[in-house]
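Taken in sequence, the protein lines are chains U and F. What the first sequence shows, in this note's numbering, is residues 1 to 196, in sequence order. What the second sequence shows, in this note's numbering, is residues 1001 to 1196, in sequence order. For each residue, glycine too, the CB sits at the ideal point set by N, CA and C. Bear in mind that the values here come from a model prediction, so they are computed numbers and not experimental data. Inspection log for the structure reproduced underneath, given as structure tokens.
2 protein chains.
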Amino acid sequence: MYLRYLEDLAARGHATASSDALANLCGTTPAQVRKDLSFFGSFGKRGLGYPVQELIDHLRQILGLGHDWPVVIIGAGKIGAALAEYRGFRQRGFRVVGVYDNDPAKIGRPWGTSTIRSTDTLDADVRAEGALMAVLAVPADHAQQVVDRAVRAGIKAILNFAPTQLSVPPTVSLKTVNMAMEMEGLAFALTNADPG
Amino acid sequence: MYLRYLEDLAARGHATASSDALANLCGTTPAQVRKDLSFFGSFGKRGLGYPVQELIDHLRQILGLGHDWPVVIIGAGKIGAALAEYRGFRQRGFRVVGVYDNDPAKIGRPWGTSTIRSTDTLDADVRAEGALMAVLAVPADHAQQVVDRAVRAGIKAILNFAPTQLSVPPTVSLKTVNMAMEMEGLAFALTNADPG
Chain U
1 MYLRYLEDLA
11 ARGHATASSD
21 ALANLCGTTP
31 AQVRKDLSFF
41 GSFGKRGLGY
51 PVQELIDHLR
61 QILGLGHDWP
71 VVIIGAGKIG
81 AALAEYRGFR
91 QRGFRVVGVY
101 DNDPAKIGRP
111 WGTSTIRSTD
121 TLDADVRAEG
131 ALMAVLAVPA
141 DHAQQVVDRA
151 VRAGIKAILN
161 FAPTQLSVPP
171 TVSLKTVNMA
181 MEMEGLAFAL
191 TNADPG
Chain F
1001 MYLRYLEDLA
1011 ARGHATASSD
1021 ALANLCGTTP
1031 AQVRKDLSFF
1041 GSFGKRGLGY
1051 PVQELIDHLR
1061 QILGLGHDWP
1071 VVIIGAGKIG
1081 AALAEYRGFR
1091 QRGFRVVGVY
1101 DNDPAKIGRP
1111 WGTSTIRSTD
1121 TLDADVRAEG
1131 ALMAVLAVPA
1141 DHAQQVVDRA
1151 VRAGIKAILN
1161 FAPTQLSVPP
1171 TVSLKTVNMA
1181 MEMEGLAFAL
1191 TNADPG
């Protein structure tokens, strides 16, 4: 959360941030901010605030965001396309090394500076690229099968957009972004909102 | 969570589900399942399991998912396109009534059976359609301005894909799906994974 707010501040041209300002943004107290950030080392000078970029760099390193993460995208549909072009990905070190689909009509078609590859080549490609992360954007009914394949190929972390529950071995991290479920959460909030 | 698992079961052709089966799927105990579901009424017959479709219908009604939710999509990019075509949305009662952009090059272009409209028409359209929900898929630096406009137009719930923190009045529900942050969570898990 601190990283996200600090990046927002940096984008708005702030070179330093006081613990008061960070506390305000994060909905906490200046004392809590100082305590939290002191875990990461000694930053800034009393009265001058935290150096925004230095703190960002340090937090990113701690979070494992300092380096380059090759990522494969499985499913060459609109969600895959949105992700492949998403600047925020590349800025954060996520580099799309391959886009895969099992639809013969799509395989071989251009995709950015590359082409869509067959899911059959996933194993060899993942090994060659050293990719540990996959984004899954395939229909729900294919998703488990594709996940199993990705895990066999050596993928260790999966961001899943297929609206279904998937199982992975305990050594693999899985996050599911279910857009329909997010909308349902909002609909629930509307239904139960105080009309006053 | 029950709704999601029940829908999975229905999609696989199950007409009934035992509390044992649901407990297994949900990682809880059969007693807990019976207790949870008893809050929603009396379902099924002892020994026959829960009637999957009946329970789905009932949960959907409780969650406010029984009815039709007109939704506007603001930002006619790839994420907007992915959402507009996402079958899961329509199946769950979310009906896209308009797609908006402020790029003159996009306004008027065909979009499904409709065309992309100017964000300038948002206020009138939202009122005419009775839309309470918006999906926001615009660049981060425009997002707050667009949210303010949507709120003024009467939008009460926003699903935000812009990778930035937004503020809304307390009467408006906001959910942010930050794909870069989800990836960072996975990268963090990889970085800190036990290598053994």
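- Classified as buried, glutamine 1165 (chain F) has 16 or more neighbouring CB atoms from the shown chains inside 10 Å of its CB.
- Its Cα nearest to that of aspartate 120 (chain U), the residue U:Ile107 stands out among U:Thr176, U:Gly185, U:Val138 and U:Ile107.
- DSSP, reduced to helix, strand and coil, places arginine 1046 (chain F) outside both helices and strands of the structure shown, so it counts as coil.
- When DSSP states are grouped into helix, strand and coil, asparagine 1024 (chain F) belongs to the helix group.
- Close CB contacts of threonine 1176 (chain F) within its chain, under the 6 Å cut and outside five residues either way in sequence, are with Asn1160 (chain order).
- Residues of the segment 1090-1101 of chain F whose Cβ lies closer than 7 Å to any Cβ of chain U, in chain order: Arg1092 and Phe1094.
- The residues Ala76, Val99, Asp101, Lys106, Ile107 and Arg109, in chain order, have a CB closer than 6 Å to that of isoleucine 116 (chain U) in the same chain once the five nearest residues on each side in sequence are set aside.
- The residues Ala23, in chain order, have a CB closer than 7 Å to that of threonine 29 (chain U) in the same chain once the five nearest residues on each side in sequence are set aside.
- Valine 72 (chain U) is bridged by DSSP to U:Gly98 and U:Ala134.
- Apart from the 5 residues on each side of it in sequence, glycine 41 (chain U) sits with its Cβ closer than 7 Å to the Cβ of His58 in its chain, given in chain order.
- Residue state for proline 110 (chain U) is assigned as strand, using DSSP reduced to three classes.
- With 16 or more neighbouring CB atoms inside 10 Å of its own CB, alanine 131 (chain U) falls in the buried class.
- Secondary-structure assignment with DSSP links alanine 128 (chain U) through no beta bridge to anything.
- Contacts with chain F (Cβ-Cβ distance below 8 Å) from the segment 22-53 of chain U involve Leu25, listed in chain order.
- Distances from the CA of aspartate 125 (chain U) to each of U:Ala15, U:Ile74 and U:Leu9 were compared; the closest alpha carbon is that of U:Ile74.
- Those residues of the segment 105-133 of chain U placed with their C-beta closer than 8 Å to a C-beta in chain F are Leu132 and Met133, ordered along the chain.
- Against chain F, the CB of aspartate 8 (chain U) has a partner CB under 8 Å away; the residue lies at that interface.
- Using a 10 angstroms sphere on the CB of asparagine 1178 (chain F), the tally of other CB atoms reaches 16 or more, which defines it as buried.
- The beta-carbon of glycine 88 (chain U) is placed less than 8 Å from the nearest beta-carbon of chain F.
- Here alanine 1150 (chain F) is buried. Its C-beta has 16 or more other C-beta atoms within 10 Å.
- Residue-level contact by beta carbon fails for tyrosine 2 (chain U) and chain F, as no gap is shorter than 8 Å.
- The alpha-carbon separation between phenylalanine 43 (chain U) and alanine 1189 (chain F) amounts to approximately 25 Å.
- Residues of the segment 153-178 of chain U whose Cβ lies closer than 9 Å to any Cβ of chain F, in chain order: Lys156, Ala157, Ile158, Leu159, Phe161, Pro163, Thr164, Gln165, Thr171, Ser173, Leu174, Lys175, Val177 and Asn178.
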